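Written below as structure tokens is the structure these notes are about.
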Amino acid sequence: MEKYNSIWDMYQKKGMSRRSFIKACTAMAAMLGIAPSMLSEVVEAAEKRLPVVVWLHGHECTGCSEAFIRSGAPMASDVVLNMIALEYDDTLAAASGQPFEEHLQEIIKAYDGQYILAVEGAVPALADSGYCMVGGHAFINQLKEAAAHCAAIINYGSCSAWGGIQAARPNPTQSTGVPNIIGDKPIINVPGCPPIPEVMTGVIAHYAMFGKLPPVDNEGRPKQFFGNRLHDTCYRRPFFDAGLFAEDFNDKGAKAGWCLYKLGCRGPETYSSCGNLRWWNGLSYPVQSGASCIGCTNKNFWDEDPLYERIPDVPGISSLGLGNIDTVGGIALGAMAVGIAGHAATSAIQKKKRDAAEAKKSSERKDG
2 MEKYNSIWDM YQKKGMSRRS FIKACTAMAA MLGIAPSMLS EVVEAAEKRL PVVVWLHGHE
62 CTGCSEAFIR SGAPMASDVV LNMIALEYDD TLAAASGQPF EEHLQEIIKA YDGQYILAVE
122 GAVPALADSG YCMVGGHAFI NQLKEAAAHC AAIINYGSCS AWGGIQAARP NPTQSTGVPN
182 IIGDKPIINV PGCPPIPEVM TGVIAHYAMF GKLPPVDNEG RPKQFFGNRL HDTCYRRPFF
242 DAGLFAEDFN DKGAKAGWCL YKLGCRGPET YSSCGNLRWW NGLSYPVQSG ASCIGCTNKN
302 FWDEDPLYER IPDVPGISSL GLGNIDTVGG IALGAMAVGI AGHAATSAIQ KKKRDAAEAK
362 KSSERKDG
């Protein structure tokens with residue numbers, strides 16, 4: 002079922018040297034943020050058998066797969082062909098129909114408790130709803146069966162992690178995220194609409210190397226990619242600190258690269274690597290291209306309308322948990338919102354003082 006037994010096996014069969022293999026392991030360690038002192042562990046992991054992956058698709062637009070195949074480091078082709086054994090993915094597979102569904106059953110039995118289950122798309126909670134059918138069966142049943150026999154689950158995209166746009170009000174399909182359906186397996190969430198390609202491949206590459214999921218935060222997201230707020234890594238941050246805000250997407254401030262906070266940017270509340278990794282091999286990301294961040298890695302972000310107006314100054318941002326966590330979480334959210342608003346107000350006051358000082362100097366020069 003597998004083309005190669007391990008990454009090292011692949012290098013040997015291609016006639017590549019041990020030196021080339023070590024260089025590749027070094028590059029992979031750097032991409033994953035692994036210390037050079039752990040290189041020997043990376044090499045050892047790369048000599049182990051390739052992990053088997055089953056990739057399911059629920060309620061979705063397939064945007065996450067579109068992002069995945071555009072990863073540049075590592076390339077998706079390297080991941081799929083050389084780092085994992087992708088045994089089932091009805092979007093990328095050449096096979097289809099009943100034989101392909103039978104192959105899935107064979108994989109579940111042959112690798113019981115050993116394979117990684119990747120999920121893309123939300124889950125309609127009612128088995129008899131008919132909203133999402135795969136091979137004539139409700140997707141929720143396919144998910145439960147595959148999850149019961151997997152080693153761990155990777156949720157790709159905000160749909161499988163939180164429910165995504167399918168779960169937006171009024172949610173007629175009763176769609177939800179995988180963690181609300183499956184609770185007895187190790188799960189890692191890779192949210193985004195879609196996620197950054199290198200984040201997707203980086204997570205699966207980490208598992209391929211070490212045989213375990215990377216460390217996660219309190220939302221189940223990999224810390225290495227979701228450890229910082231977009232606001233803290235944004236190149237427009239100096240304009241925020243200086244109190245320089247675009248008031249309209251077409252004004253001179255927007256064209257000059259000023260902060261988009263007043264135009265609804267969710268950067269201050271959104272944890273992601275957009276400002277670091279960017280998209281399409283580091284080319285750009287929404288804020289750099291002139292659009293405010295809509296917080297697509299947050300829970301319930303589709304219901305946080307209007308998306309292009311300033312974030313409220315009082316608690317009310319459900320993407321950070323309002324209505325989903327206890328009162329303590331709501332108080333923490335309020336403190337954060339007040340802090341953001343206070344920072345913005347202070348920056349605006351500082352700008353007014355500078356403007357007044359410059360006007361005074363200009364007047365004195367004219368009088369002199």
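Each residue of the sequence shown is one higher than the one before, counting from 2 in my numbering.
Note that CB positions come from ideal geometry on N, CA and C, so glycine has one too.
Note that the structure is a prediction, hence the values are computed from the model and not measured.
6 Å Cβ shell around residue i - same chain, five flanking residues per side excluded
i: Pro293; result: A quick correction: the sequence has Ser, not Pro, at residue 293. Closer than 6 Å at Cβ, skipping near neighbours: Leu261, Leu264, Gly265, Cys266.
i: Asn190; result: Asn156, Ala162, Gly221, Arg222
i: Arg230; result: Tyr272
i: Gly268; result: Leu231, His232, Cys235, Cys294
i: Asp327; result: Note that Asp327 scores 33 on pLDDT, short of 50, meaning its location in the model is unreliable and no value can be drawn from it.
Range covered by the beta strand (DSSP E) that runs through residue i
i: Val54; result: 53 to 58
i: Ala157; result: Residue identity check: residue 157 is Tyr in the sequence provided, not Ala. Note, Tyr157: beta strand (DSSP E), 153 to 157.
i: Val120; result: 117 to 121
i: Ile189; result: 188 to 191
Same chain, Cβ closer than 7 Å to residue i, neighbours up to 5 away in sequence not counted
i: Thr177; result: Ala123, Val124, Ala126, Gly164, Ala168
i: Glu3; result: Summary for Glu3: the model assigns pLDDT 45, below 50, so the residue's position carries little reliability; its value from the coordinates is reported in the next sentence. Result list for Glu3: Leu51, Ala86, in chain order.
i: Glu248; result: Gly254, Lys263
i: Val135; result: Gln143
Residue i burial status per 10 Å Cβ neighbour count (16 or more: buried)
i: Leu301; result: The sequence given here places Asn at residue 301; Leu does not occur at that position. By the 10 Å Cβ count, Asn301 comes out buried.
i: Gly184; result: exposed
i: Asn251; result: exposed
i: His58; result: buried
i: Glu67; result: exposed
i: Leu321; result: Legend: pLDDT at Leu321 = 41, less than 50; position of this residue unreliable, value from coordinates given subsequently. Label assigned to Leu321: buried.
i: Gly158; result: buried
i: His60; result: buried
i: Pro307; result: exposed
i: Phe209; result: Inspection of the sequence shows that residue 209 is occupied by Ala rather than by Phe. Buried: at least 16 other Cβ atoms inside 10 Å.
i: Leu93; result: exposed
i: Gly244; result: buried
i: Leu105; result: buried
i: Glu103; result: exposed
i: Asn219; result: exposed
i: His207; result: buried
i: Ala1; result: For the chain, the structure presents residues 2 to 369; residue 1 sits outside this window and is missing.
i: Glu45; result: exposed
Paired residues, beta bridge with residue i - DSSP
i: Cys419; result: Here the chain covers residues 2 to 369 and nothing more, so residue 419 does not appear.
i: Gly73; result: Met76
i: Ala86; result: Val53
i: Pro223; result: Val217
i: Trp9; result: None; Trp9 has no bridge partner.
i: Thr177; result: Val124
i: Val135; result: His138
i: Tyr272; result: Arg230
i: Ile18; result: Note on residue identity: the sequence assigns Ser, not Ile, to residue 18. Answer by DSSP bridge pairing: none, since Ser18 is not bridged.
i: Ser285; result: Trp280
Span of the alpha helix (DSSP H) around residue i
i: Asp399; result: There is simply no residue 399 to check, as the chain begins at 2 and stops at 369 in what is shown.
i: Ile109; result: 98 to 111
i: Asp233; result: 231 to 234
i: His207; result: 198 to 211
i: Gly276; result: 275 to 278
i: Asn142; result: 140 to 149
Cβ-based neighbour list, residue i, same chain, cut-off 8 Å, excluding 5 preceding and 5 following
i: Val200; result: Val191, Gly193, Pro223, Phe226, Ser274, Leu278
i: Ile154; result: Ile117, Leu118, Ala119, Val120, Ala148, Val179, Ile183, Lys186, Pro187, Ile188, Ile189
i: Ser72; result: Val80, Pro198, Glu199, Met201, Thr202
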